[in-house]
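First up is the structure itself, then whatever we jot down about it.
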């Protein structure tokens, strides 16, 4: 006698729902249960179900861009709402890639629910001999329900936590450039790494099940940090914001001692990473790559990709010390125009914390320094990914110089870096932080194209790109005097030497001549809407 407990039908009874199905799955069941009837009411109910949802509390947190479907599951009218989770890479049942379109007719999966006569046998009406015969092992169904419970736990935990924001202090009292955006985020349900992050917080308890269900995981333990905070009131007019050494004026640019110290530490960290990953003799050089054309990035190009990423990094970390009219945005660099890279990652020197009830707190200088160094490391990681991606695409499909825009095939889609996730909560002990990787540079994997370009690096040879500044190969040799030379090199490079036709460079600011000096003296205290860092 057959054991009915070992199998569970996908579409038992054709018109009966299963607990995990989506609104799209309900519409397909009604379509196949009433193939000879008018489709107007089926379409009407489908639109209503799309607005009302299926009743899962976390459904609205998933951005709906049309159903992602497994072609094998489509033949059995099976589509759970879990398939819309960004965490799922492939079908957990058949282990094949999700698609947004039907492989047979090429239309979106939900298109048959709006057509007059759906004829496709994969995404539309199933053959009569296939209806009601598909079955699913009960063990697989239990695993899907286990995943659904884990998602609900994460959703409930997010709703239970208090709202806390971390803001850039400089963005509150001084000008902020549209060429800077925050990249660090709190784990959310729309993030592909949320389930892996929650599993890592539980010491990897879910990893085995998540991997079998084709959920993206990161094999890295969670790190924690506890920072003390104290209540903070925005300074009034004339009060001192930074109680340290008076600002130093370097070649027409006012830079505080704090800024010089943080830049020195950031340069040392990059120098340590460079020495441990590049065995051959090489110097990180800041060169003027603004006029470099796409032909220079080919297989036989002369551009050192590592120095190119470092040059963009230098441009980004120094732009906050100059007036907006002097700052060269990412659009002034040809590599950024090719990859459609519109904004640098934000690098705050000081932050403050805002609780859900409006109270403000300031962390210790140690946490300020930790945030800044982590942000500068992540900026270099992102720029290395940009340079590598654009180089690979130009090698595959060479392009000529364009004064307007390049083809969308060169657009850079950054991977989901695990180091960008930072979970934090404000408790009676202080600010609790949880994150992956000691530094984002640990996530950086040097491609072979990067290593080959390092071997071809011209440096100061004849015909090479003009060099503005170079880092000492010995990290311990980087001193404050080197930072002064670094900022001195930044001053002439900030003036744009070429016309840019990209949309993000058309914005203009009103810049009072003494604003930067007043910021350094901490007399600018008006606090507009703060730019969030996290």
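Residue numbers (the working numbering): 67 to 600.
Note that CB positions come from ideal geometry on N, CA and C, so glycine has one too.
This structure is a prediction, so every number in the text was calculated from the model and none was measured.
When you compare only the Cα positions, how much space is there between residue i and residue j?
{"i": "residue 164", "j": "residue 139", "result": "10 Å"}
{"i": "residue 323", "j": "residue 416", "result": "13 Å"}
{"i": "residue 232", "j": "residue 154", "result": "30 Å"}
{"i": "residue 343", "j": "residue 553", "result": "26 Å"}
{"i": "residue 457", "j": "residue 208", "result": "45 Å"}
{"i": "residue 382", "j": "residue 97", "result": "55 Å"}
{"i": "residue 410", "j": "residue 271", "result": "36 Å"}
{"i": "residue 88", "j": "residue 480", "result": "29 Å"}
{"i": "residue 132", "j": "residue 300", "result": "46 Å"}
{"i": "residue 305", "j": "residue 337", "result": "Caution applies to residue 305, whose pLDDT of 43 falls short of 50 and renders its modelled position unreliable; the model cannot decide the point."}
{"i": "residue 385", "j": "residue 356", "result": "15 Å"}
{"i": "residue 219", "j": "residue 95", "result": "29 Å"}
{"i": "residue 516", "j": "residue 367", "result": "12 Å"}
{"i": "residue 330", "j": "residue 547", "result": "9 Å"}
{"i": "residue 328", "j": "residue 439", "result": "8 Å"}
{"i": "residue 185", "j": "residue 134", "result": "20 Å"}
{"i": "residue 162", "j": "residue 136", "result": "7 Å"}
{"i": "residue 234", "j": "residue 321", "result": "17 Å"}
{"i": "residue 254", "j": "residue 376", "result": "31 Å"}
{"i": "residue 463", "j": "residue 478", "result": "14 Å"}
{"i": "residue 490", "j": "residue 418", "result": "13 Å"}
{"i": "residue 217", "j": "residue 502", "result": "20 Å"}
{"i": "residue 424", "j": "residue 245", "result": "28 Å"}
{"i": "residue 223", "j": "residue 147", "result": "20 Å"}
{"i": "residue 348", "j": "residue 358", "result": "21 Å"}
{"i": "residue 451", "j": "residue 252", "result": "22 Å"}
{"i": "residue 341", "j": "residue 335", "result": "10 Å"}
{"i": "residue 434", "j": "residue 226", "result": "27 Å"}
{"i": "residue 426", "j": "residue 432", "result": "18 Å"}
{"i": "residue 510", "j": "residue 447", "result": "6 Å"}
Give the C-beta separation of residue i and residue j to the nearest angstrom, bearing in mind that I take them to be a contact with Cβ-Cβ under 8 Å.
{"i": "residue 191", "j": "residue 93", "result": "Wrong, their Cβ atoms sit about 13 Å apart, outside the cutoff."}
{"i": "residue 282", "j": "residue 262", "result": "6 Å"}
{"i": "residue 428", "j": "residue 298", "result": "4 Å"}
{"i": "residue 414", "j": "residue 598", "result": "Wrong, their Cβ atoms sit about 10 Å apart, outside the cutoff."}
{"i": "residue 258", "j": "residue 482", "result": "5 Å"}
Thinking C-alpha only, which one of the options is nearest residue i?
{"i": "residue 539", "options": "476, 346 and 287", "result": "346"}
{"i": "residue 521", "options": "217, 98 and 371", "result": "371"}
{"i": "residue 292", "options": "256, 488, 414 and 162", "result": "488"}
{"i": "residue 248", "options": "437, 229 and 287", "result": "437"}
{"i": "residue 404", "options": "442, 453 and 419", "result": "453"}
{"i": "residue 296", "options": "216, 267, 497 and 531", "result": "497"}
{"i": "residue 468", "options": "400, 205, 172 and 340", "result": "400"}
{"i": "residue 290", "options": "143, 170, 537 and 499", "result": "499"}
{"i": "residue 203", "options": "158, 447, 340 and 426", "result": "158"}
{"i": "residue 333", "options": "466, 445 and 187", "result": "445"}
{"i": "residue 256", "options": "151, 421 and 432", "result": "151"}
{"i": "residue 422", "options": "273, 269, 245 and 492", "result": "492"}
{"i": "residue 206", "options": "226, 181 and 160", "result": "160"}
{"i": "residue 550", "options": "188, 194, 339 and 326", "result": "326"}
{"i": "residue 269", "options": "230, 287 and 494", "result": "287"}
{"i": "residue 474", "options": "402, 398, 188 and 555", "result": "402"}
Assuming contact is defined by CB atoms lying nearer than 7 Å, are residue i and residue j in contact in what I supplied?
{"i": "residue 360", "j": "residue 460", "result": "yes"}
{"i": "residue 443", "j": "residue 531", "result": "no"}
{"i": "residue 250", "j": "residue 486", "result": "yes"}
{"i": "residue 396", "j": "residue 387", "result": "no"}
{"i": "residue 378", "j": "residue 449", "result": "yes"}
{"i": "residue 279", "j": "residue 173", "result": "no"}
{"i": "residue 351", "j": "residue 519", "result": "no"}
{"i": "residue 353", "j": "residue 380", "result": "no"}
{"i": "residue 210", "j": "residue 86", "result": "yes"}
{"i": "residue 228", "j": "residue 90", "result": "no"}
{"i": "residue 484", "j": "residue 284", "result": "yes"}
I want to see whether chain B comes within less than 7 Å of residue i, judged by CB atoms only; does it?
{"i": "residue 515", "result": "In summary, chain B is missing from the structure at hand, where a single protein chain is found."}
Tell me, please, which residues DSSP counts as bridged to residue i.
{"i": "residue 288", "result": "502"}
{"i": "residue 297", "result": "427"}
{"i": "residue 165", "result": "135"}
{"i": "residue 251", "result": "487"}
{"i": "residue 408", "result": "Answer is none; residue 408 lacks a bridge partner."}
{"i": "residue 535", "result": "352"}
{"i": "residue 281", "result": "154"}
{"i": "residue 171", "result": "Paired residue(s): none; residue 171 is not in a bridge."}
{"i": "residue 234", "result": "417"}
{"i": "residue 598", "result": "233"}
{"i": "residue 87", "result": "146"}
{"i": "residue 246", "result": "410"}
{"i": "residue 492", "result": "497"}
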